[in-house]
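Participant:
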DNA sequence: AGTTAAACCTGGTTGC
DNA sequence: TGCAACCAGGTTTAAC
């Protein structure tokens, strides 16, 4: 579910309400991708700092003292979402992490448990540093230019769709937005990354930024269960041009949209509008 | 070093 | 109706 827009929407929905909140208690449910790495009791009394996003991760500072750089790194995996509840209530079977604060209960719900909640003494120390270390550029980073994007793509022979999903060159686009951006840019997802011309690389970078920004405006995509921390769903899925639309006519040319599998993920595209 | 497959886990949908 | 097969927003790890 959660690609960059959904994670950023989630971040914005909890950052204001929780900044400066005091942790009263923490609770763990079933194991997630990795162990928390600290006794939940150790979180008691800590103060929540400004929440930041890197790729699809959220960093929640949990300070014991002003100079304390510790916190937890959160990932929503495939099916995770955060809810900020006004009052305490019993956890359901898929609620695997609770942070009870004096400004509400932050609850991670994640049926598939591909998500993660990891304690780190600092953002630039392990395990946080290791998890974030391999990430590619932030899509809206001004330092990411058409020239640098094109140069990076020149080193990759995999299909462009797989390179976008890998996340080690550019982060943020998952399966939905990678498909949508490639459609917008008119690029066949099977095209080898190193065969994109400089103009097409530039067009793709613009399409990625436009797609992610539009999704952000619409509150992300809610395919099944994504909600922001206040329970609002996203609306981008309603205007997706190709994602999940195999067999339906392309909105531009009317050709039947196709679904293929690349790197074990579905790719949706228009065989006429998107060229090699 | 770069690329691809397998693995993690649960639940909803599809098809026989 | 029952049950097997397939599908789903992600990423690490192992294997070529």
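Residue numbers (my numbering): 750 to 1025. For each residue, glycine too, the CB sits at the ideal point set by N, CA and C.
#1: Residue 858 bridges to which residues according to DSSP?
#2: If you reduce the DSSP assignment to three classes, tell me which class residue 873 lands in.
#3: At what residues does the alpha helix (DSSP H) containing residue 758 begin and finish?
#4: CB-CB under 7 angstroms to residue 992, same chain, minus the five flanking residues each way: which ones, in chain order?
#5: Between the stretch 823–831 and the stretch 859–866, can you find at least three pairs of beta-carbon atoms closer than 8 angstroms?
#6: Roughly how far, in whole angstroms, is the beta-carbon of residue 833 from the beta-carbon of residue 855, given that I think they are within contact range, below 8 angstroms?
#7: Where does the unbroken beta strand (DSSP E) through residue 824 begin, and where does it stop?
#8: According to DSSP, is residue 865 helix, strand or coil?
#9: According to DSSP, what are the bridge partners of residue 1018?
#10: How is the alpha helix (DSSP H) around residue 926 delimited, first residue to last?
#11: Closer than 7 angstroms by C-beta to residue 981: which residues in its own chain qualify, once you throw out the five before and the five after it? Chain order, please.
#12: Could you name the residues that DSSP lists as bridge partners for residue 991?
#13: With the cut-off set at 8 angstroms, would you say residue 794 and residue 810 are in Cβ contact?
#14: With DSSP run on the structure shown, which of helix, strand or coil describes residue 949?
#15: For residue 753, which of 1004, 977, 870 and 1006 has the nearest alpha-carbon?
Facilitator: Taking the definition as stated:
#1: DSSP lists 830 and 844 as partners of residue 858.
#2: DSSP places residue 873 in coil when its eight states are reduced to three.
#3: Segment 753–767, the alpha helix (DSSP H) holding residue 758.
#4: Only 925, 928, 929 and 1017 meet the Cβ criterion.
#5: These segments touch.
#6: Rounded, the Cβ-Cβ distance is 6 angstroms, consistent with contact.
#7: 820–824 is the extent of the beta strand (DSSP E) around residue 824.
#8: The DSSP-derived three-state label of residue 865 is strand.
#9: Answer by DSSP bridge pairing, in chain order: 1007.
#10: Going by DSSP, residue 926 is part of the alpha helix (DSSP H) stretching over 924–934.
#11: Cβ neighbours of residue 981 beyond the five flanking positions: 968.
#12: As computed with DSSP, residue 991 is found in no beta bridge at all.
#13: No; because the gap between Cβ atoms is not below 8 angstroms, this pair is not in contact.
#14: In this structure, residue 949 counts as helix in the three-state DSSP scheme.
#15: The shortest Cα separation from residue 753 among 1004, 977, 870 and 1006 belongs to 977.
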